[in-house]
Amino acid sequence: MSSWLGGLGSGLGQSLGQVAGSLASLTGQISNFTKDMLMEGTEDVPADLPNSGREENEATHSVLRSENERLKKLYTDLEEKHEASELQIKQQSSSYRSQLQQKEEEINHLKARQIALQDELLRLQSTTQPVHPESGRVPAATASPPFSYSVSHHVSAFHEDDMDFGDVISSQREINRLSNEVSRLESELGHWRHIAEVRGTQSSDQTEICKLQNIIKELKQNRSQEIDDHQHEMSVLQNAHQQKLTEISRRHREELRDYEERIEELENLLQQEHDRAVWKREQEQLEVEKRQMTEQYAENEIMRLSSLNQDNSLAEDNQKLQMCVQILEKEKSLLSQEKEELQISLSKLSNEYEVIKSTATRDIDLLSQVRDLKLNLEVKEQELNQSIHENEILTAELEELDKQNQEATKHVILIKDQLSKQQSEGDSTIKKLKEDLNDEKQRSHHLEDDKMNIIKELDLQKEKLTHSEQALSDLQLTKQKLEDKVEDLVDQLNKSEKNNFSIQKENQELREHIRQNEEELSTVRSELIRSQTQDSNSQLKDDLLQEREAEVRNLKQSLSEIEQLNEHLKQVAFDLRTENEKLVVACEDVRNQLEESIAGNNQVSLEKTAMLETLRWEKEQLETELCGAEKRLLEEANKYKQTIEELSSARSLSTSALQLEHEHLIQLSQEKDSEISGLKKSIEQMATDHQQMKETLSSSLEEQKRLTQLINEKEICIVKLKEKSSELQEELDKCAEALRKNETLRQTIEEKDRSLGSMKEENNHLQEELERLREQQSRAVPVPEPRTLDSTTELESELSRLHIIKDHLEEEIKHHQKMIEDQNQNKMQLLQSLQEQKKEMDEFRYQHEQMNITHSQLFLEKDEEIKNLQKTIEQIKAQLHEERRDIPTENSDIFQETKVQSLSIENESEKHDLSKAETERLVKGIKERELEIKLLNEKNISLTKQIDQLSKDEVGKLTQIIQQKDLEIQALHARISSASCSQDVVYLQQQLHAYAMEREKVMVVLSEKTRENSQLKTEYHKMIDIISAKEAALIKLQDENKKMSTRFESSGQDMFKETIQNLSRIIREKDIEIDALSQKCQTLLTVLQTSGTGSEVGGVNSNQFEELLQERDKLKQQVKKMEEWKQQVMTTVQNMQHESAQLQEELHQLQAQVLVDSDNNSKLQVDYTGLIQSYEQNETKLKNFGQELAQVQHSIGQLCNTKDLLLGKLDIMSPQLSCGSSLTTQSGEPLKTSQSTGPCESSQLLQQEVDDLRRSLQEKDAMIKTLQENNHRLSESIAASSEAGRREHEQTDSEMKQLKEKQEALQNLLKEKDLLIKAKSDQLHSSNENFTNKVNENELLRQAVTNLKERILILEMDISKLKGENEKIVETSRGKETEYQALQETNMKFSMMLREKEFECHSMREKALAFEQLLKEKEQGKAGELNQLLNAVKSMQEKTVTFQQERDQVMLALKQKQMENSTLQNEVQHLRDKESRLNQELQRLRDHLLESEDSHTREALAAEDREAKLRKKVTVLEEKLVSSSNAMENASHQASVQVESLQEQLNMVSKQRDETALQLSVSQEQVKQYALSLANLQMVLEHFQQEEKAMYSAELEKQNQLLTEWKKKAENLEGKVLSLQERLDEANAALDSASRLTEQLDLKEEQIEELKKQNALHEEMLDDAQKKLMNLVSSTEGKVDKVLMRNLFIGHFHIPKNQRHEVLRLMGSILGVKREEMDQLFAEDQGGVTRWMTGWLGGGSKSVPNTPLRPNQQSVFNSSFSELFVKFLETESHPSAPPPKLSVHDLKPLDSPGRRKVDASIPGSSKDTAEPRAGRRTDLSPFLAPRSAAVPLMNPAGHGPGGPGHLLLKPISDVLPTFTPLPVSPDNSAGLVLKDLLKQ
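Counting from 1, position 304 in the sequence shown corresponds to residue 370 in the numbering used here; the numbering is continuous, with no gaps.
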């Protein structure tokens, strides 16, 4: 919010500044206007005045001008001051804005507090509402102020558009009001809190408090959002206000300019005028305006300055500014008024001016004019004096203003200048940055959109791919879970079986105990039998019996406990069964899932079937195990039942024996007690075991619960894992990409390792050679010898130079490291931007794939060529030390020409192919290349500088050598002078001469060398130019070389071999030189050793000189060799040039081929587009033909309709024709329907419809023939009837003739229509033929399009093959490049070796010189110093060697970095290529995805069908389960009943113990047998189950096959059913149409019969009517009917007043009064007549008496009076006619359907008039239209307001016959009506 408010404040500041600027410009214009107005008074008078007056005027004019200039300066100063004041205002406004922001923040805080307090208040009220019902009034009162505030706030925001400081004041008031409200609310809050504490209701509403707090937070957020919106609106309104102000100011300026221009024009006109009065008035008005303007401006300035002095009154200043604006607007209005007045005066003046012009030619007396002019001059002088006085006053005022503003301006002008500069700079930078930002934002948005689209597509694909995998994993997990559950259940079963076995063991132990007891009993019995005779104590027996009974009871209890245990085990088994059933259900669900997954994934179907089989097998095993357990339990229960039954039977038998045994067992009771105690212990153990069992079962249940929880947790985990797996898959994809990159890097690293290995081997060889050389040197130099100080200084200088070079190299290394890091970063950025550039690749995929690949190859090759050129340039620089030959400069011209040609050719070829994006890329690439070329040029310059330094060093060394030689000669001279031998002296003199000659020669050679050096420098500069030209040319040439890869390989390999051979030869030569120097060193050492005495000095010196001469010869030979090598290099360069020319030619050929291919491609594209256009044109033609067909069919339908109408007219005349017409109409209708639907369907349907049309046409022809025959028959029958009619009625003959003529005309029309129909059918045939032709053409075009598509696919395949070949070529070229790089590295190493060898040569030479100097110094006897110097020299040499090695290592590292950069660029290009491939794969995957989605949808449908079937199966199984569970419940119920009976029986077991003992032993043996039999049964059962499984699987497979077959059959049957249904529908439609036709035929026949009857009646009626009409015409001419007039007169009073004028008008027309006179009479009173006429005219004949209307009668008729009158005449014209004889069929009731039908033959006028009156009821025939159509026969709404009413107003009865009314317009008069009646 703070940032937003800050932005708003800054925006406000800008807007206020703009407002101030616009006001300043306004005031400036006003000041200019005042200046111009002041200037107006100082202009000259016309030139006709005398010279003296003119001179005075000029003088005054000049004075006024100077004063005006001064005033202008003052005005400029004042404007500057004004701007300064505006700046101050801005500063103050910024401070006020900050204050405003603070106040707004305070307002927000207070509002938040208010809201919080209100919420607390509401909460407290809600707590206290049940207690205080009056508290409901408070929230409204509290809630109203914020709402009112918000409204007022918005209103203020909208009404106060400009953000002036009135807002600050209002906000301050707002703050005060809110603080007051807050205090009030706090007090209220305290009150409510006190009430709440009293009632103690806060504790229960904590949840409500939490909710309210959340609501408060939400409301706060909403409030903040609303405030933000409000502030945004404020800013928008301010901007709008600024724009309005600027527009107003601009308009004001324009209007001021217009006014100024018009004023100037008026002044020019006024100068030519002679009218004084008008001129004076206008001048006075202008002066008044000037004064007003000046006063206003002065007042404004004073006000503004006062506002500047008063910092606190800014709001007032704003109000004043607004006032100024209002004043200006008023002034504007005044000016506009003045402008209009001036225009009027101008027009007057122009008219007068023309008059004056005409009179001026005639007048000759100029004296009057001169006088007038003098008078004018005097007036003007007066006015000038006045203006001067006003100017002085203004200047005084202005000076005062200056004094006030001078202090302000001095400080502000500087600030203004600085701020303006800063603002301009800042604005420019901001604009640039904004533009850059916008561009980058747009790009980023585009790239982000592209990226998002691509990511979405990839995500969708990944999701679709992962869905299937997830489903598989889910199924596997479910399978694992089920297996775990099965294992758990198996463990539980095993445990239960173990428990059962333990229980059985315990039972066996008990049985053994029982046996032992029985044996003891038997022994006791025997003893009792013996002791019967001895003892007979009854009391002991009774005691023993009681004890035994107690023991038996205990045993019964123990047995019952055992049975309870068994029941518990049964329950456990039942629970296990239910769990198994659940597992079965789960297995079925799993099966369903597996089947779905089989449908979705065919590949994993085998695995899933195997899983299903295993699951079934496990399920069956479990079921078998459960069944076995159930059987065992049942068998054991049966056994127990048998034992109990045996015991019960035994008990009934052995009661007496037991009594005897009880008597005998008294003695052994003590022994049994001990056994009973043992049994008790065993029972206790059983109880403990039982408790353990319970515990284990409870633990197992808990474990099951835990397992279910675990399963739920696992499911949640699975969901999470799925999400993680999707993320991991994304990471996997990324890793895969990274792996691919790593593989490429590995390949490059392996190649590098190979090259390194070869390099290492070469290094080892070179190191061995170096070590050998060093050993030789060490052998050769065992004794260090002294050197001179000069050598040390040289070495020191060299050291310093090497240090400098080292520093430079280190800096370069750092620079290169930075470059490498930047390139790495760029690589990362490129990898990131790869995803963003995918959309661009998609866009250019189809258009420019080939072009992209070729250009990418070109760029790669260019990069590599540049690198190669860099390396070659370095080689050339290395060789430039040795090259000293002139190379003609023609090569540069040749290369430039070739470069220009190649560039032009490439430009021409690339113009056609490159798109905009590619051109931009190329431009970028060219810029990068230019930068690289610039860098290379800078490197070249630095290398040239180094070479110059080296050449200077060589010159210095040579001079030093010469100086040393001079010193040696001087020393020798000294020796010779000191020597005594004359021979030696002579010899030495000769040698001296020779040496002098040699010295001169050496000097000459030196001068020559210096010249050569200078020449070489010039040549070097030329060479640099040539090299720069070569670089550009070689870039192109090597691009072309890359295309010709095979030739390039062969030629390149040869060149590399040659260069390597040359380098090896140079190294050998250097080795030879080193050997020679080492031998020389050895000889010098031997000389030093041998020269012990000073007597042999001369000889030694001579030997030394000879050796030196030999060395010179050797050096010359070496120089010659070097020159020869240079020539060889030049020849190789020339060969390279020739080869490059050949390659250029081949490149041109290839470019021509490429152009031809591109032309062919463009032609193919043009042809394809043409075909598409032709296809579209054909489609449009087809549509047009379809439209034409529809039109033809429409016209045929119209013709059929016309034919039907004609036939209908014929039907009136001849009844038999109706059949034909109906048939034709019905045949026409299917034609219409069939033909209308035709154009919508495809061509095949159209052909079928054409066939149908032909058939229908044939049928139609047959129908026409039948119709013609019918016509002939009818004509014959009519002729016969006419002859009979002539005999009977002579009058009817004429009518029949007329009818015949009509019939013939109709027949002719029919024939014409038939001909037309035939023509149309012919046209239809032709159009159908055209249509079929067009369809054929369309099919041909479609085939052509498909062929073209196939061709395009073939071309795409070829393109893909070519791409593959290109990729292979690129890979081979990369391999060659790596070899080339390795060779280049070896070359570099060789060059480094060369340099080292050269350095060693230099060092050896220096050593030789040192040895010579040592020899000299040894002669002088300076050994110690020399040793030290030699040591120093050695150390320095070692340092130099190390430095050189470091430099070489640095250079090698640099080269390696460059190579790495090139490889990185290659990788980047490779990645781009990969991008294009990936995009292609993406498109392919999209297509594949679409196909897979289609297949998935199909499979999903199949899976849904399977699901439905499986659900049915599940329902069946559930029903079975329910039945089985019911059976189990019944069984358990029975078992419980049996258990109860068993318990009752067990109570009786105490009497039958002996028999039970015997039977127990028997039962034990039986149990053993049963156990064996059970084992056998189990074996058999297992075999049986295995067989059942096999059978089940076989049956399942059969069932599946049968199912598939049935499905196929069902599908076929469905297809047949559909076709049959379609046929059925068609047949039904045909039957319906046939039934309709028959019904229509019947109707037509009935209508014909009725019409015949009506014809006869109508003929009679016509005769009567004609007679009556003739009578009426003769009788009623010139008479008025009394009855009529009486009815009219009576009806006039009954009708409402607004309709009475119609009655009077009718009466007038009957009486012969004119219409105009009637209109005049009705001018005062106006009314209407409809209601009374309905009753008056609606009555029957005269026989009905006239009665007045009832007061409650209601008439609802809207027909006009004239129509009703016509109908009245109709009825009155037949006063004595009898009712016509009509059949019973014709007398229909009013509500009959016949009357409601609308007939087509009724004329429109009668219909229109009749429908609204009669409820739109009409009859079929035109002659049987009911009377109610004109006049209602019944009053449906009851009686109206007029009593029973007149007879005329009474309704006509239903029995009377009714006829149609005659059509009469309502405006006609009575006479016209009668004439119409007579005509009809």
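Glycine included, each C-beta is placed from N, C-alpha and C at the ideal position. Here the structure is a predicted model, which means the values were calculated and not measured.
Asked	Found
Is it true that the stretch 1439-1454 meets the stretch 1511-1529, where meeting means three or more beta-carbon pairs spaced less than 8 Å apart?	yes
Is it true that the CB of residue 332 sits closer than 8 Å to the CB of residue 408?	yes
Does DSSP put residue 1780 in a helix, a strand or coil?	coil
Taking residue 277 as part of the alpha helix (DSSP H), name the residues at either end of that continuous run.	272-338
Within a Cβ cutoff of 7 Å, which residues of the same chain sit near residue 551, ignoring the five residues on either side of it in sequence?	649
Report buried or exposed for residue 1539, applying the criterion of at least 16 other Cβ atoms within 10 angstroms of its Cβ.	buried
Classify residue 695 as helix, strand or coil using the three-state DSSP reduction.	helix
Could you work out which residue in 1144, 993, 414, 570 is closest to residue 838 when comparing CA atoms only?	1144
With hydrogens ignored, establish whether the beta-carbon of residue 1544 is closer than 7 Å to any heavy atom of the ligand ZN.	Absence of the ligand ZN is noted for the structure shown, with no ligands found whatsoever.
Hey, residue 1272 and residue 1376 are a contact pair by Cβ (cut 8 Å); roughly how many whole angstroms apart?	6 Å
Taking the alpha-carbon positions, what's the residue 1722 to residue 1358 distance?	11 Å
Going by C-alpha distance, which of 1511, 158, 1628, 1766 is nearest residue 875?	1511
May I ask you to report which of helix, strand or coil DSSP gives residue 1789?	coil
Alpha carbon to alpha carbon, how far is residue 53 from residue 234?	Absent from the model: residue 53. The displayed extent of the chain is 67 to 1946, so no value can be given.
I believe residue 1647 touches residue 694 by the beta-carbon criterion, under 8 Å. Please report the beta-carbon distance rounded to the nearest angstrom.	7 Å
Measure the C-alpha to C-alpha separation of residue 1749 and residue 1370 and round it to an integer number of angstroms.	50 Å
In the DSSP assignment, find the alpha helix (DSSP H) that holds residue 592 and state where it starts and stops.	433-598
When you compare each of 307, 456, 1209 to residue 360 by their alpha carbons, which one comes out closest?	456
With distances taken from CA atoms, which of 1235, 1310, 686 is nearest residue 646?	686
Go to residue 669, then tell me how far its alpha helix (DSSP H) extends in each direction, as first and last residue.	It is not in any alpha helix (DSSP H) - residue 669 carries neither H nor E in the DSSP assignment.
Put residue 257 into one of helix, strand or coil per three-state DSSP.	helix
With distance defined between alpha-carbon atoms, name the residue in 661, 1766, 547 nearest to residue 1567.	661
Figure out for me which residue from 532, 942, 925, 1412 has the closest Cα to the Cα of residue 990.	925
Which first and last residues belong to the alpha helix (DSSP H) in which residue 1763 is found?	First-last for residue 1763: undefined, no H or E at that position.
Measuring only the C-alpha atoms, how far is residue 1657 from residue 705?	35 Å
Taking residue 1714 as part of the alpha helix (DSSP H), name the residues at either end of that continuous run.	1619-1741
Anyone know if the C-beta pair for residue 1473 and residue 1147 falls short of 8 Å?	yes
How about residue 1259 and residue 1398: are their beta carbons less than 8 Å apart?	no
Could you check if residue 155 is buried or exposed, using at least 16 other CB atoms within 10 Å of its CB as the buried criterion?	buried
Exposed or buried, which one is residue 567 when buried takes at least 16 other CB atoms within 10 Å?	exposed
Report buried or exposed for residue 281, applying the criterion of at least 16 other Cβ atoms within 10 angstroms of its Cβ.	exposed
With distance defined between alpha-carbon atoms, name the residue in 238, 422, 479 nearest to residue 152.	479
Report the option in 1765, 623, 1014, 939 whose CA atom is closest to the CA atom of residue 1092.	939
Counting along the chain, where does the alpha helix (DSSP H) carrying residue 1449 start and finish?	1356-1486
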